[in-house]
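Shown next, in structure tokens, is the structure this report addresses.
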Amino acid sequence: MKDLIENTINRVITENQLGGQTAYRAPLLGYAQAADPLFQQLKTAVGPGHLLPDDLLPEAATVLAFFLPFTKQLVENNREHPYVARSWAIAYIETNALISLCCKEIAATLASNGVKAAWQQPTHNFDPVQLCSRWSHKHVAYICGLGEFGLHQMLITAYGCAGRFGSLVIDLPLSPSPRPAVQRCLFYLRGKCLACVKKCPSGALTTKGLDKQKCYNYLLEVDSFYSDLGVCDACGKCAACGPCAVID
Numbered sequence: 007m008k009d010l011i012e013n014t015i016n017r018v019i020t021e022n023q024l025g026g027q028t029a030y031r032a033p034l035l036g037y038a039q040a041a042d043p044l045f046q047q048l049k050t051a052v053g054p055g056h057l058l059p060d061d062l063l064p065e066a067a068t069v070l071a072f073f074l075p076f077t078k079q080l081v082e083n084n085r086e087h088p089y090v091a092r093s094w095a096i097a098y099i100e101t102n103a104l105i106s107l108c109c110k111e112i113a114a115t116l117a118s119n120g121v122k123a124a125w126q127q128p129t130h131n132f133d134p135v136q137l138c139s140r141w142s143h144k145h146v147a148y149i150c151g152l153g154e155f156g157l158h159q160m161l162i163t164a165y166g167c168a169g170r171f172g173s174l175v176i177d178l179p180l181s182p183s184p185r186p187a188v189q190r191c192l193f194y195l196r197g198k199c200l201a202c203v204k205k206c207p208s209g210a211l212t213t214k215g216l217d218k219q220k221c222y223n224y225l226l227e228v229d230s231f232y233s234d235l236g237v238c239d240a241c242g243k244c245a246a247c248g249p250c251a252v253i254d
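Numbering (my numbering), first residue to last: 7 to 254.
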């Protein structure tokens, strides 16, 4: 079944890239048991309104997460651009649509094999006042073994942190992925780097944490600047400007 899920994601990505501008590297997938106690901890780590797997699907048995890593070229475009690169804003929009399509196709494929699935949209599923996600895909991806968090509060995977996550809850038990304790954030490893802090255009990110409201206000400015594209409240400087952005 895992091969079927992976093949579905690869097929959707291949078909989608024919009509979009954004290219991707090979996706990463990870799995966790729906009963993993770490999901309950997200009500503290993210917010009290964070959903549990069985809130999405009462018969929840497994949670799967996937990461769509951006190409080095796209990352360099945003890294070198004095503002937020237009290609990055486009990638944000196209990748959100692609994640939704992947989830729909995975759910349909699983349904044809008698497996139920449920999922949350890739973005804008947060409390607009507290700015807390109701289903944080990156935190779910952490539980599924896809990486460790860096100072910038992004999940750094084996392929880096520049990209986007999606996830589903299914009623079929599948073996969980190992959760390797591999720290790739140079600040956490050696107290050095700080590329993400230095490049944060809003000053929202410091070694003491992230000012979510200040960050979000800047994202809304970007959304207004690229209003012709659609909703693109994205920046990605913290994800693109450090050595953890792309890992080969």
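By construction, the Cβ of each residue, glycine as well, lies at the ideal position given by its N, Cα and C atoms.
Everything numeric in this text was worked out from a predicted model, so none of it was measured.
Remark: C-beta atoms of K218 and G248 do not approach each other more closely than 9 angstroms.
DSSP places I162 in the strand class (E or B) of the three-state scheme.
In this structure, C108 keeps its C-beta atom at 9 angstroms or more from the C-beta atom of I253. Taking all protein chains in view, the Cβ of P128 is crowded by 16 or more other Cβ atoms within 10 Å, so the residue is classified as buried. In the same chain as S230, and ignoring 5 residues on each side of it, no C-beta atom comes closer than 6 angstroms to its own.
At a cut-off of 4 residues, the continuous stretches assigned as alpha helix (DSSP H) that sit fully inside the region 177 to 223 are 192 to 196 and 201 to 205.
As DSSP reads the structure, A123 sits in a beta bridge with I176.
DSSP places Q47 in the uninterrupted alpha helix (DSSP H) bounded by L44 to A51.
Note on geometry: alpha-carbon atoms of G120 and C244 lie some 41 angstroms from one another. Taking all protein chains in view, the Cβ of P134 is surrounded by fewer than 16 other Cβ atoms within 10 Å, so the residue is classified as exposed. Q27 is not bridged by DSSP to any residue. Counting along the chain, the unbroken alpha helix (DSSP H) around L62 starts and ends at P59 to L62. Close CB contacts of N102 within its chain, under the 6 angstroms cut and outside five residues either way in sequence, are with P128 and T129 (chain order).
Between H145 and L161, the CB-CB gap stays under 9 angstroms.
No Cβ-Cβ contact shorter than 9 angstroms links G153 with V203.
In the structure shown, the three-state DSSP call for Q39 is strand.
The Cβ atoms of A38 and T77 lie no closer than 9 angstroms to each other. In the three-state reduction of the DSSP assignment, L116 falls in the helix class, which pools H, G and I. Residue state for E100 is assigned as helix, using DSSP reduced to three classes. If you look at A147, you'll find it isn't in any beta strand (DSSP E); it sits in the alpha helix (DSSP H) that goes H143 to I149. The beta-carbon distance between A201 and V81, rounded to whole angstroms, is 12 angstroms. This is too long to meet the 8 angstroms contact definition. By alpha-carbon distance to G36, the top candidate from C150, T213 and R185 is C150. For V81, the enclosing alpha helix (DSSP H) starts and ends at K78 to E86. Secondary structure note for A246: its alpha helix (DSSP H) is the uninterrupted segment K243 to A246. When C-alpha distances from I105 are compared across Q126, V237 and L63, the shortest belongs to Q126.
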